[in-house]
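Chains as they are written, first to last, in my numbering: chain A, 1 to 311; chain B, 312 to 574.
Glycine residues also receive a C-beta, built at the ideal position from the N, C-alpha and C atoms.
Beneath this line is the structure, given in structure tokens, with notes to follow.
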């Protein structure tokens, strides 16, 4: 029973964090750009939301403000890379590290509690209670997570099907071709970074409200969690190729990641060990598919050798 | 149609690797010309093509296309006038995208891209028709990822993409060099067919001297960043590979062709 409750919490967290993973998916997989802004823009999303709500701004509006703060973070990374010609990884790291100071400035201190304020989670919970539906906060979070994940997937699916979206996907494949077809690749990268970091800040905003607090350290390692979700999704749903299904795979990966974490915690490890565990999960998820294909290649060689000997 | 005046390009200026690849080059291309370009390694053939379409800027000189100086325009702004096929079959297409999506990207070459759907239903029919003209059976594979196609197929598709909207100038940079002889022949014939059907103007760099003689109406030979021989019409048709080799010995400063170019 206790474990089932833990799974419910894991699903809720998985859904909320999957929006971050979807943002990372845009840069890492579609654009083939190693964007390290993530840890910063995620925290920015949470901090902006917290300070908005603490100042009496309606939570839904706070979400939108966070989203635009995230787009700004992405734009800075794009500017550093495109105009100052800083390598992509370093451009992201520079934005990420400067966002740490900026986030402290935004909140005026290292953390902001939200327990005494209304968030969209509490609002929905109260709304449902009024019509006689008393749900636990995790179940409410699952509903909200599903709603936002669905919206994000639909919007991204639409956008990456448009002319601009298509040329962004092509940029991730082949920059020379995109330029030969008359599109400025600086612009395509810029747009993709803005969209990705908007998603990531949205995730930060939702996670902050769900946890009831924003903290300048909450984004540490977020990029690895996003990556873990992507690779777990890819390993488990290896055969899907359609863009929509791939995004669903990322969401499933994010949920599975949270369930693995819940399991590990049930086994008695402490939350302090989580970062190490995450790194191990990612390393395994990246190593296993290679190991499996090598194993089959070896089998095939052995079979071929045997057939030659028999013949 | 395209006029090149005193074009100059030096790679790695001011270093020990400094190399003058294009040296006060002059060339006039008339509308409808199909020019084959030959020359030894390092003669500046590919660099000339790259300078025309703006992969890197020229150090000096002018490039005038239909009366407009374009030498200072960035690559993506020049692209509306140029169709390009690269030597590497992987370079002209996006491997993870469908055949139809690739064609749709090329269909919008040089046009403003907006938020309308990236590929319209009625386009598919057009693409199917155009793919059928290649005669490679690709018309039934619109939804396949380009990465599943062979090098020759990809190069044929790239050629189709480059000419989907008739470009002012088609630039072919040794586009059959990475293909096996059979496939190279097919792609070369397709090139001929498309150029004559659409009455395109084209520049084709090749290492294959026989192909340089057999195709096009004009042939230029380059050496040390300049044009050392320019022939057209009936005089060109009469040329033989041996003639070209002899001419090269006489006109060039050494360096020489390799055996691989005799094929």
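- Message: Would you say residue 294 of chain A lies against chain B (beta-carbon separation less than 8 Å)?
- Response: no
- Message: Counting C-beta neighbours from all protein chains within 10 Å, is the total for residue 279 of chain A 16 or more, i.e. buried, or is it exposed?
- Response: exposed
- Could you give the residue range of the beta strand (DSSP E) that holds residue 534 of chain B? For residue 534 of chain B, the enclosing beta strand (DSSP E) covers residues 529-534.
- Message: What does DSSP give as the partner residue(s) for residue 515 of chain B in the beta ladder?
- Response: B/347, B/483
- What first and last residue would you give for the alpha helix (DSSP H) that runs through residue 496 of chain B? 492-509
- Residues within the stretch 186-200 of chain A neighbouring chain B, beta-carbon criterion of under 7 Å: none
- Task: Kindly say whether residue 55 of chain A, judged by its beta-carbon, lies nearer than 8 Å to any beta-carbon of chain B.
- Result: no
- residue 238 of chain A versus residue 396 of chain B - alpha carbon distance: 33 Å
- What's the call for residue 287 of chain A, buried or exposed, on a 16-neighbour Cβ count within 10 Å? exposed
- Query: In whole angstroms, what is the alpha-carbon distance linking residue 573 of chain B and residue 554 of chain B?
  - Reply: Residue placement at residue 573 of chain B cannot be trusted, given a pLDDT of 49 that sits under 50; what the coordinates show is reported in the next sentence. If I take the Cα positions, the gap works out to 12 Å.
- How far does the alpha helix (DSSP H) with residue 307 of chain A in it reach, from first residue to last? 274-310 is the span of the alpha helix (DSSP H), which, as asked, contains residue 307 of chain A.
- Segment contact, 8 Å Cβ cut-off, at least three pairs: the stretch 227-235 of chain A with the stretch 18-35 of chain A: yes
- Message: Checking the sheet assignment: what are the DSSP bridge partners for residue 113 of chain A?
- Response: A/213
- Item | Under the three-state DSSP convention, the category residue 190 of chain A falls into | helix
- Query: In terms of residue numbering, what span does the beta strand (DSSP E) encompassing residue 580 of chain B cover?
  - Reply: No statement about residue 580 of chain B is possible, as the shown extent of chain B runs from 312 to 574 and does not include it.
- Quick one: what does DSSP say residue 450 of chain B is sitting in, helix, strand or coil? The three-state reading of DSSP puts residue 450 of chain B in helix, counting H, G and I together.
- Indicate whether at least one CB of chain B lies closer than 8 Å to the CB of residue 339 of chain A. Past the edges of chain A, shown from 1 to 311, lies residue 339 of chain A, and the structure says nothing about it.
- Query: What separation, rounded to the nearest whole angstrom, lies between the Cα atoms of residue 127 of chain A and residue 109 of chain A?
  - Reply: Rounded to whole angstroms, the separation of the alpha carbons of residue 109 of chain A and residue 127 of chain A is 32 Å.
- Item | Sufficient close CB pairs (3 or more, under 8 Å) joining the stretch 30-45 of chain A to the stretch 175-193 of chain A | yes
- Run the CB neighbour count on residue 578 of chain B, radius 10 Å, all protein chains shown included, and call it buried at 16 or more, exposed below. It is not possible to answer for residue 578 of chain B, since the shown part of chain B is limited to 312 through 574.
- Message: For a test of the three-state rule: what should DSSP assign to residue 319 of chain B, helix, strand or coil?
- Response: strand
- Query: Comparing the C-beta of residue 379 of chain B with each C-beta of chain A, is any distance below 8 Å?
  - Reply: no
- Look at the alpha carbon of residue 330 of chain B and the alpha carbon of residue 257 of chain A, and state the distance between them as a whole number of angstroms. 55 Å
- Grab the span of the alpha helix (DSSP H) containing residue 153 of chain A for me, first residue to last. In this chain, the alpha helix (DSSP H) harbouring residue 153 of chain A covers 137-159.
- Message: Please tell me whether residue 408 of chain B has its Cβ less than 8 Å away from any Cβ of chain A.
- Response: It does; some Cβ of chain A falls within 8 Å.
- Three-state class that DSSP yields for residue 574 of chain B in the structure shown: Low confidence applies to residue 574 of chain B: its pLDDT is 43, below 50, so where it sits in the model is not reliable, and the reading given next is rough at best. Residue state, collapsed to three classes: coil.
- Task: Just mark residue 326 of chain B as buried or exposed, buried being the case when its beta carbon has 16 or more other beta carbons within 10 Å.
- Result: exposed
- How would you call residue 571 of chain B, buried or exposed, if buried means at least 16 neighbouring beta carbons within 10 angstroms? Because the pLDDT of residue 571 of chain B is 48, which lies under 50, any placement of that residue in the model is unreliable, and the question is left without a value.
- Query: With 16 as the cutoff for other CB atoms within 10 Å, does residue 178 of chain A come out buried or exposed?
  - Reply: With 16 or more other Cβ atoms within 10 Å, it is buried.
- Taking contact to mean at least 3 C-beta pairs separated by less than 8 Å, is the stretch 77-97 of chain A in contact with the stretch 130-147 of chain A? no
- Item | Inter-residue spacing [alpha-carbon to alpha-carbon] between residue 468 of chain B and residue 413 of chain B | Looking at the two C-alpha atoms, the distance is approximately 9 Å.
- Query: With a cut-off of 8 Å, does the C-beta of residue 386 of chain B fall near any C-beta of chain A?
  - Reply: By this cut-off, residue 386 of chain B is an interface position.
- Message: Spatial neighbours of residue 123 of chain A within its chain, please: C-beta separation below 6 Å, excluding the five flanking residues on both sides.
- Response: none
- Can you tell me which of the three DSSP states residue 25 of chain A falls into? DSSP places residue 25 of chain A in the helix class (H, G or I) of the three-state scheme.
- Task: Could you have a look at residue 380 of chain B and say whether DSSP puts it in helix, strand or coil?
- Result: strand
- Item | Simplified DSSP assignment, three categories, for residue 540 of chain B | strand
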